[in-house]
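In this note's numbering, the protein residues as written are 76 to 290.
Yeah, the Cβ is synthetic: ideal placement off N, Cα and C, and Gly gets one too.
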Ligand code: TYD
């Protein structure tokens, strides 16, 4: 049996980490086995690529270089971790995936969307999440929350950039409403309830009945 692949997306500081932890715990309580990974990163090679991409000391990186580097990390993570876990019937929760590249490099940087799609497809080998949850956030609130420990290279981008990313996510969701669901900003338990509502049927197909307890 193939596992379940759920990705989390959204602007910087949208609270993905907390919600992913709650979902991983719910999967475990239901008797499932959740693998939690993040992008860019998730493997030693990926973490090295992450350091190149996010280090504020690197300043500007040519947009096309950025477009190749995020998916480079993704290609490695997909082959080394995600596909094997799915083949073993596990639940994979991934903090950002190909939609981030569409939103940030496509809509944010303004790179050609068809080119971005092809790069993404090559990097993922055509793997598409069963469910993608976009946590919506006002760019100003989100970037302030995310950059509390010192902003990384992308958090230093302009408010207009983050607005384009947000609009990008809305367009991605509108184009693929069965897979991509936008969850509005709210209290942690409010957002969590919505995530349970969206994830439960997808996990149920794999025989996992999650509950909505917050612990
Ligand atoms: P991270 O610290 O993981 O941010 P967050 O906690 O908001 O997920 O940093 C990832 C940054 O890289 C974030 O600003 C989004 C950006 N990014 C892209 O621009 N393109 C991509 O394909 C991915 C995966 C991330």
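Looking at the unbroken beta strand (DSSP E) that takes in residue 160, where does it start and where does it end? Residue range 158–162 is occupied by the alpha helix (DSSP H) that includes residue 160, with no beta strand (DSSP E) assigned at that position.
Beta strand (DSSP E) segments (min. 3 residues) lying fully within the stretch 114–182: Complete beta strand (DSSP E) runs here, min 3: 166–170.
I'd like to check one pair, residue 273 with residue 254: are the Cβ atoms closer than 7 angstroms? With contacts defined by Cβ atoms closer than 7 angstroms, residue 254 and residue 273 do not form a contacting pair.
Just to confirm the assignment, what range does the beta strand (DSSP E) spanning residue 206 have? Note, residue 206: beta strand (DSSP E), 206–210.
Out of 78, 80, 270 and 88, state which residue places its alpha-carbon closest to the alpha-carbon of residue 229. The shortest C-alpha separation from residue 229 is found at 88.
If you follow the beta strand (DSSP E) that residue 279 is part of, which residue opens it and which one closes it? If you look at residue 279, you'll find it isn't in any beta strand (DSSP E); it sits in the alpha helix (DSSP H) that goes 263–279.
Which residues mark the beginning and the end of the beta strand (DSSP E) in which residue 289 is found? For residue 289, there is no enclosing beta strand (DSSP E), as DSSP marks it with neither H nor E.
Following a CB-centred definition, is residue 114 positioned closer than 6 angstroms to any heavy atom of the ligand TYD? Residue 114 Cβ: within cutoff of the ligand TYD.
Give me the Cβ distance between residue 148 and residue 171, rounded to the nearest whole Å; I'm assuming they're in contact under 8 angstroms. About 10 angstroms; that fails the 8 angstroms criterion.
Spatial distance of residue 131 from residue 227 (CA atoms): In a straight line, the C-alpha of residue 131 is about 5 angstroms away from that of residue 227.
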